[in-house]
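As structure tokens, the structure follows; a few thoughts come after it.
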Amino acid sequence: MTRYGPNRPRRYTNIANRRRICAFKTHYSYQEVITMRSSRFLIATLKETPSDAEVISHQLMLRAGMIRKMASGLYNWLPMGLRVLRKVEKIVREEMNKSGAMEVLMPVVQPAELWEESGRWQQYGPELLRMNDRHDRPFCLGPTHEEVITDLIRNEIRSYKQLPANFYQIQTKFRDEIRPRFGVMRSREFIMKDAYSFHTSTESLQETYDVMHATYCNIFTRLGLQFRPVLADTGSIGGAFSHEFHVLADSGEDDIAFSNASDYAANIEKAEALPPTAPRPAAQHVMQEVATPGKHSIDEVCEFLQVSPQQTVKTLIVLGAIRDDKTQPLVALVLRGDHELNEIKAEKLTGIASPLTMAPEARIKAELGVGVGSIGPVGLKIPVIVDHSAAHLADFVCGANKDGFHLTGVNWERDATAPLVADIRNVVTGDPSPCGNGTLEIKRGIEVGHIFQLGTKYSEAMKAKVLDVNGKEQTMIMGCYGIGVTRVVASAIEQNFDENGIIWADSIAPFHIAIVPINMQKSPAVAAKCEELYAQLQELGFDVLLMDEDKARLGTMLADTDLMGIPHRIVIGDRGLEAGTIEYKGRRDAEKQEIAAADVLSFLQTRIKI
RNA sequence: CGGAGUGUAGCGCAGCCCGGUAGCGCGUCUGUUUUGGGAGCAGAAUGUCGGGGGUUCGAAUCCCUCCACUCCGACCA
Numbered sequence: 078m079t080r081y082g083p084n085r086p087r088r089y090t091n092i093a094n095r096r097r098i099c100a101f102k103t104h105y106s107y108q109e110v111i112t113m114r115s116s117r118f119l120i121a122t123l124k125e126t127p128s129d130a131e132v133i134s135h136q137l138m139l140r141a142g143m144i145r146k147m148a149s150g151l152y153n154w155l156p157m158g159l160r161v162l163r164k165v166e167k168i169v170r171e172e173m174n175k176s177g178a179m180e181v182l183m184p185v186v187q188p189a190e191l192w193e194e195s196g197r198w199q200q201y202g203p204e205l206l207r208m209n210d211r212h213d214r215p216f217c218l219g220p221t222h223e224e225v226i227t228d229l230i231r232n233e234i235r236s237y238k239q240l241p242a243n244f245y246q247i248q249t250k251f252r253d254e255i256r257p258r259f260g261v262m263r264s265r266e267f268i269m270k271d272a273y274s275f276h277t278s279t280e281s282l283q284e285t286y287d288v289m290h291a292t293y294c295n296i297f298t299r300l301g302l303q304f305r306p307v308l309a310d311t312g313s314i315g316g317a318f319s320h321e322f323h324v325l326a327d328s329g330e331d332d333i334a335f336s337n338a339s340d341y342a343a344n345i346e347k348a349e350a351l352p353p354t355a356p357r358p359a360a361q362h363v364m365q366e367v368a369t370p371g372k373h374s375i376d377e378v379c380e381f382l383q384v385s386p387q388q389t390v391k392t393l394i395v396l397g398a399i400r401d402d403k404t405q406p407l408v409a410l411v412l413r414g415d416h417e418l419n420e421i422k423a424e425k426l427t428g429i430a431s432p433l434t435m436a437p438e439a440r441i442k443a444e445l446g447v448g449v450g451s452i453g454p455v456g457l458k459i460p461v462i463v464d465h466s467a468a469h470l471a472d473f474v475c476g477a478n479k480d481g482f483h484l485t486g487v488n489w490e491r492d493a494t495a496p497l498v499a500d501i502r503n504v505v506t507g508d509p510s511p512c513g514n515g516t517l518e519i520k521r522g523i524e525v526g527h528i529f530q531l532g533t534k535y536s537e538a539m540k541a542k543v544l545d546v547n548g549k550e551q552t553m554i555m556g557c558y559g560i561g562v563t564r565v566v567a568s569a570i571e572q573n574f575d576e577n578g579i580i581w582a583d584s585i586a587p588f589h590i591a592i593v594p595i596n597m598q599k600s601p602a603v604a605a606k607c608e609e610l611y612a613q614l615q616e617l618g619f620d621v622l623l624m625d626e627d628k629a630r631l632g633t634m635l636a637d638t639d640l641m642g643i644p645h646r647i648v649i650g651d652r653g654l655e656a657g658t659i660e661y662k663g664r665r666d667a668e669k670q671e672i673a674a675a676d677v678l679s680f681l682q683t684r685i686k687i
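Residue numbers for the first sequence, in our numbering: 78 to 687.
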């Protein structure tokens, strides 16, 4: 029978290894002797890339033996991966504690009642995984914890004197994503640090928000990430401010607009497109109808008429807001041909249905008498909203509202009315920055953090109140602050890898140092030096991986330590020992270097920033 | 949700069209030689060919069905 726990008998399958341990390490604890040896630690590296991994972080996490897939969007974390995950958590925890937040732990499974109270049981779609317990009572797997924390705090905090207060947890969340992908980057189960603050004034909320902003900057800096806080859309919740923290990487799923002359950065959903400042050019041409048989898309029409997309407009038909009589009118949105509609901006306009919905083609045909591809603003009988840059055009091309025909030389006012002009497009590279300085550039980002001011959405719905100075009840004001811990691990890889594998920052590396022996089995001198350094470096507080497998070959060990991203590597062989040197190579270094054996410890101490 | 595709050894794949008792590379295990950048040789283990049903003397292969996974789309004027 197997016993578990610290006294569990250990079977040594590797006799040579056992002999070495006995010979060199008898006075160290079992833990120290065993755990950080490649002969005892699960090094689950793969030479070939599993076929279903698309992005680099996913491929490398599988190949480095960090994670394994269980099911779609569900992953096992192997020892190597978990060491990284725990280090990320540790940094997050330390910085959150430093900020004055208090750690709590809330359940993964949450009662439906709370979600009904906040109204989200109905609102939340199929992303919320719902289930019933044995008494047939409804529950869900928590995708987030606003309801639970609000419930907890309304019962615990009664007085303004206890506020402000900020509570956080590092906990597993579940969101039943439509399409999990990119490994732990977009998985269904993931670990998140979420924090919720409670206040009696918006000033106090703003204070904590600012503290969290600074805390997040500290966290991502310590994690060794290149990141940017960016202004974000506050979503349906509203509220004054919202910042997302993005790690910049080509594989990111969000577009971020940056000013090239200031630190302005905003999610493209949010980035404002400023109206052109110059006056609109004067009309020079008369409006003409031209046949454009079979030409529907902007590209086709431009090619056919030999004009640039900037000189055309496209007309999108969307559903308007539902009117009192329950009907939903059509609304036309007019954009310059080379621009894209920004749905977030459009659905915020009055008279537009939210969420934004494209009109079904059948309705367009029936009500406008024309198919998509030939629609234009001239003579349209439905409300028209024109983007600033489309409104700024003169002598442009558009659909003629007649199948197979377009109009050229069209001008606003003279030929078509533009009663409503608004910002409804995505910004593009080169647009003036909304901050007033410089022009915009667009880069891809991975959202790893989000802070925002919730206000009273949950506290009001769930009656979370305290007594104020005057003894009157006041609804608490809330903020919430999230970091995708598992996603941070993946995004660190997206930003730091080369053709040989991962490159960890010292702060989150699974091991700081790999000791790679050459011919340890045959050379007592090499074995002795490795064991000595292994013990000394551990003593100094480093996490050291000793590559002590019997049959391991040098090439394999070096390839593995590179793949796993261990930032510092020392190679010990007879040749070097005779010369009194030890080979060192930083994972990012182009060349290895020989260090005097006597200086190795101090060299590594100055070199490694834990 | 719509469309496409894939399920064969731990991983990467072939075999399927044209039915006849399942193979390659890597990995794993044993032995041996080797050892300064993913070793050589000799041997070995490992598969309900995604599940179920059908056709057939015989099914990885043909048919039906279910399941899982992956990709693409949800901007078209």
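Ideal placement from N, C-alpha and C gives every residue a C-beta, glycine not left out. As the structure is a computational prediction, the values presented were derived from the model and not from experiment.
Which two residues bound the contiguous alpha helix (DSSP H) that contains residue i?
| i | result |
| --- | --- |
| residue 684 | 677-684 |
| residue 198 | 197-200 |
| residue 232 | 223-233 |
DSSP three-state call for residue i: helix, strand or coil?
| i | result |
| --- | --- |
| residue 381 | helix |
| residue 101 | For residue 101, the predicted structure reports a pLDDT of 41, less than 50, and the residue's modelled location is therefore unreliable. The matter cannot be settled from this model. |
| residue 589 | coil |
| residue 688 | The question about residue 688 has no answer, for the chain in this structure spans 78 to 687. |
| residue 435 | strand |
| residue 256 | coil |
| residue 261 | helix |
| residue 674 | helix |
| residue 536 | helix |
| residue 429 | strand |
| residue 667 | coil |
| residue 315 | Since pLDDT at residue 315 reaches only 49, below the 50 mark, its modelled position is unreliable, and no value is offered. |
| residue 489 | strand |
| residue 440 | helix |
| residue 286 | helix |
| residue 248 | strand |
| residue 117 | coil |
| residue 132 | coil |
| residue 551 | strand |
| residue 110 | At residue 110, the pLDDT of 49 sits below 50, so the modelled position is not reliable; the number obtained from the coordinates is stated separately. Note: residue 110 maps to helix in three-state DSSP. |
| residue 641 | helix |
| residue 180 | strand |
Sort the options by Cα distance to residue i and report the nearest one.
| i | options | result |
| --- | --- | --- |
| residue 671 | 679, 661, 665 | 661 |
| residue 374 | 451, 396, 402 | 451 |
| residue 532 | 525, 523, 542, 526 | 542 |
| residue 381 | 370, 387, 177 | 370 |
| residue 621 | 287, 681, 386, 658 | 681 |
| residue 294 | 424, 172, 429 | 172 |
| residue 536 | 218, 188, 361, 222 | 222 |
| residue 212 | 188, 203, 234 | 188 |
| residue 515 | 552, 286, 683, 342 | 342 |
| residue 574 | 444, 140, 468, 392 | 140 |
| residue 442 | 296, 663, 407, 304 | 407 |
Could you give the first and the last residue of the continuous beta strand (DSSP E) run that contains residue i?
| i | result |
| --- | --- |
| residue 392 | 390-396 |
| residue 188 | 186-188 |
| residue 653 | Run containing residue 653: none in the beta strand (DSSP E); it sits in the alpha helix (DSSP H), 651-656. |
| residue 519 | 517-532 |
| residue 215 | 215-218 |
| residue 164 | Unbroken run through residue 164 is the alpha helix (DSSP H), 156-175; no beta strand (DSSP E). |
| residue 630 | That residue, residue 630, is in no beta strand (DSSP E); it is neither H nor E in DSSP. |
Using beta-carbon positions only, say whether residue i and residue j come within less than 8 Å of one another.
| i | j | result |
| --- | --- | --- |
| residue 640 | residue 559 | no |
| residue 118 | residue 179 | no |
| residue 447 | residue 479 | yes |
| residue 646 | residue 593 | yes |
| residue 377 | residue 477 | no |
| residue 586 | residue 300 | no |
| residue 484 | residue 498 | no |
| residue 151 | residue 266 | yes |
| residue 554 | residue 590 | no |
| residue 716 | residue 546 | No statement about residue 716 is possible, as the shown extent of the chain runs from 78 to 687 and does not include it. |
Residue i and residue j look like a contact to me (Cβ under 8 Å); what is the Cβ gap, rounded to whole Å?
| i | j | result |
| --- | --- | --- |
| residue 270 | residue 169 | 5 Å |
| residue 320 | residue 307 | 7 Å |
| residue 409 | residue 454 | 7 Å |
| residue 523 | residue 568 | 4 Å |
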